[in-house]
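Take the sequence shown: its position 3, counted from the start at 1, is 4 in the working numbering, and no numbers get skipped. Heads up: the structure comes next, in structure tokens.
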Amino acid sequence: MDEYGPQKAFPAQPPAGLSGSSWTESLLAQGADRNSFPANVPAASLPPTDEQGDLRSAQAGPDRDPAGAPKAASEERKLTEVKPAILPAPPKPEPVAELGTDQQPMLYLLGGLAFALRSFNNLNQILELTAFVASQLTAADGGALVLFNPNGTIQLDQLHCSDLDRREQIRAEMEQIAQALSAQEPILKTEGSLSVKIPALEHLLDERLRQSLGPDVRLFGTPLLIRSSVQGRLYVFSRQPGYQWNERRQQLLRLVADQAGVAIENERLTAALRRKMALEKEMEIGSYIQTQLLPRQYPQVPGIRLAARCRVASKVGGDYYDFIKIPSERPENSRAAADEPVGSLAPSPEPSEDFRLAIVIGDVMGKGVPAGMLMSMTRAMVRAEALNRHSPARVLQHLNRAMYSDLENSNRFISLFYSEYDPRSRRLCFSNAAHNPTLWWRARSRDIQPLDTEGALIGLEEHSQYSESCVHLQPGDVVVYYTDGYVEAANTRGERLETSGLMEAIQRAASRYESPEEILENLFEQMDAFRGRQGSHPVVPGPPVDAGLLFQDEISLRPEPVDDTTLVVLKVLPDSEPT
């Protein structure tokens, strides 16, 4: 490592007692190979250049001699007078250690800026160093960084001026110009886009700053580009009478402006990543809460067995299913029912037939956190209405009236299929609020019958009326509740599974497998085979997850299906088979 290596030249934070421009000057002064070097780097002996435009190429360049004739021609005339045998060998490039005294500080300044970009976490420190380095590299008296904000305002972000007496005056004048231009609505905004007026804005800003600084100060600037979009201007200014704006100084200012653009973009990306990580953690917590709201155990009901699974498209989904034990209305059972937790899903050691089982499945429009919040609210209200022993149609009617105002404000709707199974009579009564009709596979006839009634979406109309119907289930029958994520599954050709595809899948699964768990598993396998790839991780009833794991920094991502997919399978057992 050479003596100008930035790893040992700069501290990561400003030392005590130094801040602002004094800190940047002290920072860069630590690594010089002598006690000090001039504040203004001497300009190389280059010919005069044009100073009328913004970073334009010079009229006279290295290809011309002082007389105006091309150098190549004069050198060619000289070469004709020299014999090739005695031509001197071309000079070797100078190593970095043998550079001139005017180039060593320049490399040191660029190295310090690069060190700041990769080491500093404070954007203000980097931009403050940017204005200072720009002025030093171009041998100017000062530098300024002006940013164009996305909201249409102009901001003087950083200012460096070697003339301490005029620093505050120049700052006040530049800030006043930035505020005045920000207040001019026609200049900054056209149809909501700031980028439309950027060229005119740059020209107007340059003219205002030149007028404000006075005729004795010469101002030069270059655009600050971030992803090919102008996000500001980097300026240098000088009061030196013989100051020349040559090609090398133009290139150096462009280089510093590019580094400033990289620093600003890195800060924006870092802030966006922090917001994304915070949102991911919130989604993890929401997913954990939603998982705990889903039934973790299947209720023990004489004559039937249940299986259910929910796959969410995002960490928080809008699908919902629930099992609710509704106590019998007979008075002698009221006290026994009161001794158990309301809506308890734990299996009873001695199952009683004096209850009905409510089986509910629903889908909130959309997905993510809003849908998950509405799902939680729907679950609580459905449980309250069911435990009041209302009929299925009355449950949906009360639910619609209670949730109408909240759903109207959120511009969302809920489809819901509510059913109650009586184990004594094997009677299944149901009412549908525009949800996918439940499919009933009859073991005797081996056909499938949709279970459906008339009714609107929850939240669509305040005074919607709902109807209900009942069927008698027989041993071996299979009832499948589902959400639209299953029937809307698409393959690589864009073809959807549709309800007909689900019916065929139920026909194959119910004919082949006896247990509802096997039927459920096979239905998901057939859907995955149709889609051509595996689905996301399922949300299944199980033990609670350790909440402390949700706050770890590492967040796992999983493949996402198109929509939430939920299946509930009810299988009626043969008379001779125990529950």
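Don't be surprised by glycine CBs; every beta carbon is placed ideally from N, CA and C.
Where does the unbroken beta strand (DSSP E) through arginine 167 begin, and where does it stop? Position 166 of the sequence shown, counted from the start, is the residue given in the question as residue 167. Here arginine 167 belongs to no beta strand (DSSP E); instead the alpha helix (DSSP H) covers 165 to 183.
Are the beta-carbon atoms belonging to glycine 581 and phenylalanine 531 less than 8 Å from one another? Since the first and last residues shown for the chain are 2 and 580, residue 581 lies out of range.
What does the alpha-carbon distance come out to for the pair arginine 380 and lysine 326? Reading the sequence shown from its first residue, position 379 is the one you call residue 380. Reading the sequence shown from its first residue, position 325 is the one you call residue 326. C-alpha separation (whole angstroms): 14 Å.
Name the one or two DSSP bridge partners that proline 328 has. Position 327 of the sequence shown, counting from 1, holds the residue named residue 328. Here proline 328 is bridged, per DSSP, to Phe356.
Just how far apart, CA to CA, sit methionine 404 and methionine 378? One-based indexing of the sequence shown puts residue 404 at position 403. One-based indexing of the sequence shown puts residue 378 at position 377. Approximately 9 Å between the Cα atoms of the pair.
Look at threonine 139 and arginine 250 and say whether their C-beta atoms are less than 8 Å apart. Residue mapping note: residue 139 aligns to position 138 of the sequence shown, counting from 1. Residue mapping note: residue 250 aligns to position 249 of the sequence shown, counting from 1. Yes, they are a contact pair.
Less than 8 Å between the CB atoms is what I'm expecting for alanine 444 and glutamine 475, so what's the real figure, rounded? One-based indexing of the sequence shown puts residue 444 at position 443. One-based indexing of the sequence shown puts residue 475 at position 474. Your pair alanine 444 and glutamine 475 checks out as a contact, with CB atoms roughly 7 Å apart and the cut at 8 Å.
May I have the straight-line CA-CA distance separating arginine 269 from arginine 276, to the nearest angstrom? Position 268 of the sequence shown holds residue 269. Position 275 of the sequence shown holds residue 276. Going from the Cα of arginine 269 to the Cα of arginine 276 covers about 11 Å.
Top-ranked residue by Cα proximity to arginine 428, from Leu206, Ile305, Gln466: Working through the sequence shown from its first residue, we reach residue 428 at position 427. Nearest of Leu206, Ile305, Gln466 to arginine 428, Cα basis: Ile305.
Grouping DSSP H, G and I as helix and E and B as strand, with all else coil, what is alanine 339? Within the sequence shown, residue 339 is the residue found at index 338, counting from 1. Any answer about alanine 339 is weak, because its pLDDT of 39 lies below 50 and its placement is not dependable; what the coordinates show is given next. Here alanine 339 sits in helix by DSSP.
Candidates Trp442, Val396, Asp448, Gly112, of which the one nearest alanine 434 by Cα: Counting from one through the sequence shown, the residue named residue 434 turns up at place 433. Closest by alpha carbon: Val396.
With distances taken from CA atoms, which of Val481, Val302, Asn492 is nearest proline 517? For the purposes of this step, residue 517 is identified with residue 516 of the sequence shown, where counting begins at 1. Measuring from the Cα of proline 517, the nearest candidate turns out to be Val481.
For proline 438, the nearest candidate out of Met284, Thr454, Asp423, Pro424 (CA to CA): One-based indexing of the sequence shown puts residue 438 at position 437. Distances from the alpha-carbon of proline 438 to those of Met284, Thr454, Asp423, Pro424 put Thr454 closest.
Please report how far the alpha carbon of glutamate 386 lies from the alpha carbon of alanine 490, in whole angstroms. Sequence index remark: in the sequence shown, residue 386 carries index 385 (1-based). Sequence index remark: in the sequence shown, residue 490 carries index 489 (1-based). C-alpha separation (whole angstroms): 33 Å.
Contacting residues, own chain, Cβ-Cβ under 6 Å from asparagine 258 (five flanking each side not counted): One-based indexing of the sequence shown puts residue 258 at position 257. Checking the displayed sequence, the identity of residue 258 turns out to be alanine instead of asparagine. Here the set comprises Thr223, Leu225, Leu235.
What's the C-alpha gap between aspartate 217 and arginine 228? For the purposes of this step, residue 217 is taken as residue 216 along the sequence shown, with counting starting at 1. For the purposes of this step, residue 228 is taken as residue 227 along the sequence shown, with counting starting at 1. Going by the C-alpha atoms only, they are around 36 Å apart.
6 Å CB neighbourhood of isoleucine 127 in its chain, flanking five on each side removed: The sequence position of residue 127 within the sequence shown is 126, counting from 1. These residues qualify, in order along the chain: Ala117, Phe121, Ala264.
How about serine 136 and isoleucine 155: are their beta carbons less than 8 Å apart? The residue given as residue 136 occupies position 135 in the sequence shown. The residue given as residue 155 occupies position 154 in the sequence shown. When the beta-carbon positions are compared, serine 136 and isoleucine 155 stay at least 8 Å from each other.
Going by other Cβ atoms of all chains shown within 10 Å of its Cβ, with 16 needed for buried, is glutamate 203 buried or exposed? Here residue 203 refers to the residue found at position 202 when the sequence shown is read from its first residue. It is buried - the Cβ of glutamate 203 has at least 16 other Cβ atoms within 10 Å.
Answer with buried or exposed for methionine 278, where buried requires no fewer than 16 other C-beta atoms within 10 angstroms of its C-beta. Position 277 of the sequence shown holds residue 278. Only exposed fits methionine 278, as fewer than 16 other CB atoms lie within 10 angstroms of its CB.
If I measure Cβ to Cβ from tyrosine 299 and keep anything under 6 Å in the same chain, skipping five residues before and after, which residues do I get? Taking the sequence shown and counting its residues from 1, the one referred to as residue 299 is at position 298. Around tyrosine 299: Leu307.
Using a threshold of 8 Å, state whether the C-beta atoms of threonine 484 and aspartate 320 are closer than that. What you label residue 484 is simply residue 483 of the sequence shown in a count that begins at 1. What you label residue 320 is simply residue 319 of the sequence shown in a count that begins at 1. Yes, the Cβ-Cβ distance between threonine 484 and aspartate 320 is below 8 Å.
Can you check whether the CB of glutamine 232 is closer than 8 Å to the CB of phenylalanine 149? Reading the sequence shown from its first residue, position 148 is the one you call residue 149. Reading the sequence shown from its first residue, position 231 is the one you call residue 232. Going by C-beta atoms, phenylalanine 149 is nearer than 8 Å to glutamine 232.
Distance, Cα to Cα, glutamate 266 vs glutamine 159? Translated into positions along the sequence shown, residue 266 becomes position 265. Translated into positions along the sequence shown, residue 159 becomes position 158. Taken atom to atom, the span from the alpha-carbon of glutamate 266 to that of glutamine 159 is near 17 Å.
Among the residues of its own chain, which have a CB less than 7 Å from the CB of methionine 382, if the five just before and after it don't count? Residue numbering aside, residue 382 sits at position 381 when the sequence shown is read from its first letter. Around methionine 382: Leu400, Ala403, Met404.
For glutamate 421, the nearest candidate out of Cys471, Lys572, Leu210, Gln291 (CA to CA): Within the sequence shown, numbered from 1, the residue matching residue 421 stands at position 420. The shortest C-alpha to C-alpha distance from glutamate 421 to any of Cys471, Lys572, Leu210, Gln291 is the one to Cys471.
Which of the three DSSP states, helix, strand or coil, is assigned to glutamine 245? Walking along the sequence shown from the start, residue 245 turns up at place 244. Coil, per DSSP.
Could you give the distance in angstroms between the alpha-carbon of proline 242 and the alpha-carbon of glycine 143? Your numbering for residue 242 matches position 241 in the sequence shown. Your numbering for residue 143 matches position 142 in the sequence shown. Cα-Cα distance, rounded: 15 Å.
For a quick check, are the C-beta atoms of leucine 214 and isoleucine 178 less than 8 Å apart? Here residue 214 is taken as the residue at index 213 of the sequence shown, counted from 1. Here residue 178 is taken as the residue at index 177 of the sequence shown, counted from 1. It is not a contact, given that the beta carbons lie outside the stated cut-off.
Who are the Cβ neighbours of phenylalanine 221 in its own chain at under 6 Å, not counting the five residues just before and after it? For the purposes of this step, residue 221 is taken as the residue at position 220 of the sequence shown. Around phenylalanine 221: Val237, Trp246.
Could you compute how far the alpha carbon of alanine 201 sits from the alpha carbon of arginine 168? Within the sequence shown, the letter at position 200 stands for residue 201. Within the sequence shown, the letter at position 167 stands for residue 168. Using only the alpha carbons, I get a separation of about 28 Å.
By Cβ distance below 7 Å, which residues in the same chain neighbour serine 329 in space, the five residues on each side in sequence not counted? Taking the sequence shown and counting its residues from 1, the one referred to as residue 329 is at position 328. Here serine 329 has Asp355, Phe356 as same chain residues with Cβ atoms under 7 Å from its own Cβ, once five neighbours each way along the sequence are excluded.
Exposure of aspartate 340, with buried meaning 16 or more beta-carbon neighbours within 10 Å: In the sequence shown, counting from the first residue as 1, residue 340 sits at position 339. Its pLDDT being 42, under 50, aspartate 340 is placed unreliably by the model, and the measurement read from it follows with that caveat. Aspartate 340 comes out exposed.
Select from Asn492, Ala511, Val488 the residue whose C-alpha is nearest the C-alpha of threonine 500. Stepping through the sequence shown from its first residue, residue 500 is reached at position 499. Comparing Cα-Cα distances from threonine 500 to each of Asn492, Ala511, Val488, the minimum goes to Val488.
Which complete beta strand (DSSP E) runs does the stretch 130 to 155 hold, if anything under 3 residues is left out? 143 to 149
Burial state of threonine 131, where buried means 16 or more other Cβ atoms lie within 10 Å: Taking the first residue of the sequence shown as 1, we reach residue 131 at position 130. Buried is the call here.
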